[in-house]
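Peer 1: For reference, the structure I am asking about is given below.
Protein chains: 2
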Amino acid sequence: MRIGELAEATGTTTKTLRFYEASGLLPPAARTSVGYRDYGEDAVGRLDFIRRGRAAGLTLAQIRDILTVRDTGHAPCGHVRQLLAQRLDAIDAQVADLHALRATVAQLHGVATNAKPDTCPPEQVCRYL
Amino acid sequence: MRIGELAEATGTTTKTLRFYEASGLLPPAARTSVGYRDYGEDAVGRLDFIRRGRAAGLTLAQIRDILTVRDTGHAPCGHVRQLLAQRLDAIDAQVADLHALRATVAQLHGVATNAKPDTCPPEQVCRYL
DNA sequence: CTTGACCTTCCCCCGTACTGGAAGGTCCAG
DNA sequence: CTGGACCTTCCAGTACGGGGGAAGGTCAAG
Numbered sequence: 259m260r261i262g263e264l265a266e267a268t269g270t271t272t273k274t275l276r277f278y279e280a281s282g283l284l285p286p287a288a289r290t291s292v293g294y295r296d297y298g299e300d301a302v303g304r305l306d307f308i309r310r311g312r313a314a315g316l317t318l319a320q321i322r323d324i325l326t327v328r329d330t331g332h333a334p335c336g337h338v339r340q341l342l343a344q345r346l347d348a349i350d351a352q353v354a355d356l357h358a359l360r361a362t363v364a365q366l367h368g369v370a371t372n373a374k375p376d377t378c379p380p381e382q383v384c385r386y387l
Numbered sequence: 259m260r261i262g263e264l265a266e267a268t269g270t271t272t273k274t275l276r277f278y279e280a281s282g283l284l285p286p287a288a289r290t291s292v293g294y295r296d297y298g299e300d301a302v303g304r305l306d307f308i309r310r311g312r313a314a315g316l317t318l319a320q321i322r323d324i325l326t327v328r329d330t331g332h333a334p335c336g337h338v339r340q341l342l343a344q345r346l347d348a349i350d351a352q353v354a355d356l357h358a359l360r361a362t363v364a365q366l367h368g369v370a371t372n373a374k375p376d377t378c379p380p381e382q383v384c385r386y387l
């Protein structure tokens with residue numbers, strides 16, 4: 259399987275695949291006699307793994323860590339759980355931040371809206387922010 | 259007011275202030291006879307403005323646009339309202355995304371947690387992700 | 001007079017996740 | 001045998017919001 263086929267099969271690009279290899283997310287691919295990358299079917303699964311990790315909000319560095327742990331055979335179960343638990347905390351914190359931000363923005367928006375545009379000279383406008 | 263004092267007064271750094279000036283968020287500061295930046299009290303207000311904008315989730319580019327509009331005297335009222343309305347939409351979308359992400363992560367976390375670490379051989383672990 | 005804290009410009013660097021493009025080699029159809 | 005589609009490496013750039021640190025000038029205290 260050449261890099262273009264793998265890219266097609268996994269919904270990504272050849273650029274991204276080479277980038278992943280350079281970043282240590284994919285092992286160095288086998289090469290054909292002329293130097294083309296030659297992937298096995300397992301590469302699709304690994305890329306799906308990466309895609310799911312990304313969808314779960316993990317960074318490439320975190321995914322790489324998990325893959326490294328798996329590849330080297332060290333017990334990753336707790337590691338994965340811990341990572342996911344941290345993600346849950348981070349998401350909750352982010353949602354809380356966004357709630358506060360939304361309240362602030364909504365208030366500013368309300369003030370700006372109620373200010374009646376016609377009576378809003380330029381030099382006063384930015385008090386609304 | 260020197261740059262260090264202004265940084266202290268506004269809770270930022272001299273690096274950031276010079277960066278803001280270079281980015282067009284602050285007008286070129288007046289200089290003392292030896293070339294030190296010399297700020298008036300209005301700089302504090304402008305930086306508070308920037309800080310509030312940042313807290314409301316605006317990018318520096320958006321803040322710069324608003325400031326430019328204000329500085330040049332063109333009617334910004336609708337502009338500010340529109341920007342804030344867009345922010346509200348963006349925040350709502352982001353919260354929705356985070357809800358979906360949280361559900362995904364929580365599910366993975368539950369699976370990984372119920373998997374009993376001891377019975378979790380390395381080659382199976384990453385199915386949890 | 002020296003020491004230390006401040007100031008200046010300058011350029012490069014951080015992390016994140018890629019993307020663009022140049023220069024060159026390979027493969028297959030017509 | 002030629003053209004186009006594919007592959008290779010490498011360099012550089014995107015956007016964001018700054019941070020690090022060098023080399024040098026300035027100022028106030030002791």
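So the protein lines, in turn, are chains W and Z. For the first sequence, the numbering used here begins at 259 and goes up steadily by one. For the second sequence, the numbering used here begins at 259 and goes up steadily by one. Note that CB positions come from ideal geometry on N, CA and C, so glycine has one too. Predicted model, so just to flag it, every value in this text is computed and none were measured.
Under the three-state reduction of DSSP, which class applies to A314/W: helix, strand or coil?
Peer 2: By 1-based counting over the first sequence, the position of residue 314/W is 56. Reduced to three states, the DSSP call for A314/W is coil.
Peer 1: Measuring straight from C-alpha to C-alpha, what distance separates A313/W and D347/W?
Peer 2: Here residue 313/W refers to the residue found at position 55 when the first sequence is read from its first residue. Here residue 347/W refers to the residue found at position 89 when the first sequence is read from its first residue. Each residue's Cα considered, the two are about 16 Å apart.
Peer 1: Exposed or buried, what is A351/W when buried is set at 16 or more other beta-carbons lying within 10 Å of its beta-carbon?
Peer 2: As a position in the first sequence, residue 351/W is number 93, starting the count at 1. Exposed: under 16 other Cβ atoms inside 10 Å.
Peer 1: By alpha-carbon positions, which one of D329/Z, R260/Z, R345/Z, L264/Z ends up nearest to V302/Z?
Peer 2: Reading the second sequence from its first residue, position 44 is the one you call residue 302/Z. Nearest C-alpha to V302/Z: L264/Z.
Peer 1: Going by the beta-carbon positions, is the gap between H275/Z and I308/Z smaller than 7 Å?
Peer 2: As a working note, residue 275/Z is residue 17 in the second sequence. As a working note, residue 308/Z is residue 50 in the second sequence. Per the sequence shown, residue 275/Z should be read as Leu rather than His. The answer is no: Cβ separation not under 7 Å.
Peer 1: Determine the direct distance from the alpha carbon of L305/W to that of D329/W, and round the result to whole angstroms.
Peer 2: For this step, residue 329/W is matched to residue 71 along the first sequence. For this step, residue 305/W is matched to residue 47 along the first sequence. Cα to Cα, the separation comes out at about 14 Å.
Peer 1: Suppose you measure from the CA of H357/Z to the CA of R289/W; what does that come to, to the nearest Å?
Peer 2: For the purposes of this step, residue 357/Z is taken as the residue at position 99 of the second sequence. For the purposes of this step, residue 289/W is taken as the residue at position 31 of the first sequence. The alpha-carbon atoms of H357/Z and R289/W are separated by roughly 43 Å.
Peer 1: Note the first and the last residue of the continuous alpha helix (DSSP H) segment covering G262/W.
Peer 2: Position 4 of the first sequence, counting from 1, holds the residue named residue 262/W. That run of the alpha helix (DSSP H) goes 261 to 268.
Peer 1: Report the rounded CA-to-CA distance for F277/W versus I261/W, giving the unit in angstroms.
Peer 2: Your numbering for residue 277/W matches position 19 in the first sequence. Your numbering for residue 261/W matches position 3 in the first sequence. In a straight line, the C-alpha of F277/W is about 12 Å away from that of I261/W.
Peer 1: How would you call A354/Z, buried or exposed, if buried means at least 16 neighbouring beta carbons within 10 angstroms?
Peer 2: As a working note, residue 354/Z is residue 96 in the second sequence. A354/Z comes out exposed.
Peer 1: Report the rounded CA-to-CA distance for T270/Z versus G315/Z, giving the unit in angstroms.
Peer 2: Position 12 of the second sequence, counted from the start, is the residue given in the question as residue 270/Z. Position 57 of the second sequence, counted from the start, is the residue given in the question as residue 315/Z. Answer to the nearest angstrom: the Cα atoms are 17 Å apart.
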